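Accompanying notes for the structure given below.
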Amino acid sequence: GTQQNLYFEFATAAKAAEVVRSQNYTLAPQASRQIQANIKVSSTNIGYIISRAIYE
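As structure tokens, then:
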């Protein structure tokens with residue numbers, strides 16, 4: 048069914064940046080959505096960006 052109150056959290060794997068949370072979305076079955084996030088990290092930090100999807 049439809050995914051309601053869907054949002055994403057983004058952070059660096061080393062937890063060197065704050066967690067960034069996207070706005071809430073509602074997606075119909077078979078739908079897609081492009082999401083962008085700005086994550087501020089120090090120029091000396093190297094790592095991976097991790098994310099998780101949260102929905103009701």
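Quick note: the sequence shown uses the working numbering, first residue 48, plus one each step. Here a beta-carbon is modelled for each residue, glycine too, at the ideal position from N, C-alpha and C. Note that the structure is a prediction, hence the values are computed from the model and not measured.
Quiz item: What residue from Asn85, Tyr95, Tyr54 and Lys87 has the CA that sits closest to Gln70's CA?
Solution: Tyr54
Quiz item: Can we count Gln81 as close to the ligand GTP, meaning its CB is less than 7 Å from some heavy atom?
Solution: As presented, the structure is devoid of all ligands, the ligand GTP included, so that no description of it is given.
Quiz prompt | Cβ-based burial, Ala58 [other Cβ within 10 Å; buried from 16] | solution = buried
Exercise. For Tyr54, name the three-state secondary structure that DSSP assigns.
Key: DSSP places Tyr54 in the strand class (E or B) of the three-state scheme.
Quiz prompt | Length of the line joining the Cα atoms of Thr73 and Thr49 | solution = 7 Å
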